[in-house]
Structures are given as C-alpha cells and as structure tokens.
Amino acid sequence: MEHLSFAITSDGSKTIFNEQVGENYHSRHGALQESKHVFLGSGLSYFLENKKKKKVSVLEVGFGTGLNFLVSADYCVRNEIELDYFGIEAFPLNKELISQTAYNEYVSEELWNSFLNHYQEAFHQKCIINNQCTVQIIEKKLLDFSSNDQFDVIYFDAFAAIHQAEMWSLESLTHISKFIKTGGVFVTYAITGDLKRTMKSLGFSIEKVPGAAGKREMLRATKL
Ligand SMILES: C[S@@+](CC[C@H](N)C(=O)[O-])C[C@H]1O[C@@H](n2cnc3c(N)ncnc32)[C@H](O)[C@@H]1O
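In terms of this note's numbering, the numbers along the sequence shown are unbroken and rise by one, the last being 216.
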C-alpha cells in the first residue's frame, strides 16, 4: 500500500491520499465535516426524519476507511435506530491503516473497538457491531456487485469524475439504482448537469442541496 499516505484536512481530521488515483478519500476541506454533512445529515438523518423510521439499511459505494459507517453508526446508537450497513469496496484498505486514521476520536470507544475487531470478518459475513448496528463489506467493483436486497439510503462516495469517470457513467448509475427502494434516498457530495439528467432519467426526483464546506451544492435524489 505504498501509494497510500495520510493527509490532514481543514477540520483536523485525517484522510488518505491515493497517489495512483491522484486524489484524497475525502474533501480536503474536512473529512469529518463532509461525512457528517453529505452522508449523515443530507442522507441518513434526512431519510429517517422524513419517513419517521427507526430501522434503516444503507449501501455505500466506496467503503474506504469506514468513516461514513462510523459516523452513521454512532448517530444510530445515540438515536436508538437500527442500522444495517453494507459497503462495496473494490480495493480494501488493510486494518493497520484503518487503525491509524484516529477516527476513534469521533465515535464511542465501544463502537471503534468493535469496528476494528470485526473489520476483516466483515468482508466475509455480516457482523454484529453492537445491539443496533451490523456491517458487511463486499469486496467487488461496483459493476460486479449484485444483491437480492434493496436499500433505503445509498451513499455514493466514488472518487471524482475527473479521476474515475466510469463510476459516474450511465452504466454505473443505472446499476446502483437497481438496489434502492422506492422512496429511498441517493446522496453524493457532487452535482453536475449530467448527473442530474441521468438520475432523473432513472426515475429519481432531484434536489440541489447545500454542499459540504468547499462545495456550493450537492445532489440528493429520491426514487419515485
Ligand atoms: C472517495 S473514496 C471513498 C472514501 C470512503 N467512503 C471513506 O470514508 O474512507 C472512493 C473509494 O472507492 C473505491 N473504489 C474505486 N473503484 C471502485 C469500484 N469500481 N467499485 C467499488 N469501489 C471502488 C476506492 O478504493 C475508495 O475506497
């Protein structure tokens, strides 16, 4: 994993820089603030409040360091929500790197320890992290992922289109859309005309919502 190194973002939280891709795993304006604003705030908690639900399933494209999982699971524990979390990850990070992220500073000690203890097992089966949360990570490329299940919320956290255009193609977005329930929410940190048009054509209603620090707007799409 020599092509990976740590970088500190503007809010003091760490991210990983991938030299092969030429991009960070998170916004350089703050990894933690991006995770909380885009995925937790505009995705998960928006869905739960809107639908008045106490149980939710999340599918993340690009599990990476697990920051979005940790922030989501911590929120669910504090709010008595049951969370079933699935991540798709083509190039898993090793446990040692995950343990060096210092993301323990943002969640309970119990959650952090359980996540680290189950991290490797989660690539083979669904793991119980605590009374309320499970996690499973599927080591596959997005287009090779398949499931009989559909999910309430999709976190689309791919590298930016300038670095990995294929993740934002009609083929990729058509594929991921199959796994979202009617009324389910798709969120991502970015927004472009192409992305809006594609999601609309796939049967979603589109919202431009305020973006995380460093971005004016981001996309939230709801499956009609
Ligand atoms: C922007 S980073 C995601 C950061 C992650 N959510 C986190 O909090 O650390 C993009 C992730 O997508 C993964 N990835 C790249 N190509 C992929 C593919 N074809 N299918 C699934 N994941 C892929 C990368 O390995 C990386 O972990």
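For glycine and all other residues, C-beta sits at the position ideal for the given N, C-alpha and C.
Alpha carbon to alpha carbon, how far is residue j from residue i? Give it in angstroms, no decimals.
| i | j | result |
| --- | --- | --- |
| L165 | E81 | 16 Å |
| E113 | V127 | 10 Å |
| S169 | F178 | 9 Å |
| Y147 | V53 | 6 Å |
| G185 | E102 | 42 Å |
| L37 | N140 | According to the sequence as given, residue 37 is Ser; it is not Leu. So the two alpha carbons sit approximately 25 Å from each other. |
| S(-3) | L89 | 9 Å |
| K207 | L108 | 31 Å |
| Y95 | K173 | 31 Å |
| G35 | K215 | 13 Å |
| F196 | A213 | 6 Å |
| T93 | T57 | 8 Å |
| S64 | H167 | 24 Å |
| N71 | T1 | 28 Å |
Skipping 5 residues on each side, what residues in its chain have a beta carbon closer than 7 Å to that of residue i?
| i | result |
| --- | --- |
| Q187 | One detail in the question is off: residue 187 reads as Leu in this sequence, not Gln. Closer than 7 Å at the Cβ level, and outside the excluded window around L187, lie W160 and L211. |
| L40 | V48 and I73 |
| K132 | I80 and A82 |
| H(-5) | N10, E11 and Q12 |
| Q25 | D3, A204 and A205 |
For residue i, which residues in the same chain have their Cβ closer than 6 Å to its Cβ, ignoring the five residues on either side in sequence?
| i | result |
| --- | --- |
| V231 | Nothing about residue 231 can be reported from this structure: the residues present for the chain run from -7 to 216 only. |
| Y77 | V50, F61 and V127 |
Excluding the 5 residues preceding and the 5 following residue i in the sequence, name in chain order all residues of the same chain whose CB lies nearer than 8 Å to its CB.
| i | result |
| --- | --- |
| C119 | H110, E113, T126, V127 and Q128 |
| A247 | One cannot answer for residue 247 here, as it falls past the ends of the chain, which runs -7 to 216. |
| E209 | I183, K200, V201, P202 and G203 |
Using 10 angstroms around the beta-carbon of residue i, count the other beta-carbons present and answer buried if the total reaches 16, otherwise exposed.
| i | result |
| --- | --- |
| M191 | buried |
| D144 | buried |
| K46 | exposed |
| I121 | buried |
| H29 | buried |
| H116 | exposed |
| L162 | exposed |
Contact criterion: CB-CB distance below 8 Å. Does residue i meet it with respect to chain B?
| i | result |
| --- | --- |
| A213 | Absence of chain B from the displayed structure is noted, only one protein chain being present. |
| request: Let me know the beta strand (DSSP E) ranges lying completely inside the stretch 70 to 142, each 3 residues or longer, listed in chain order. | output: 74 to 80 and 125 to 130
| What are the complete alpha helix (DSSP H) segments, minimum 4 residues, inside the stretch 168 to 214? | 185 to 193
| said: Which complete alpha helix (DSSP H) runs does the stretch 4 to 36 hold, if anything under 4 residues is left out? | reply: 23 to 26
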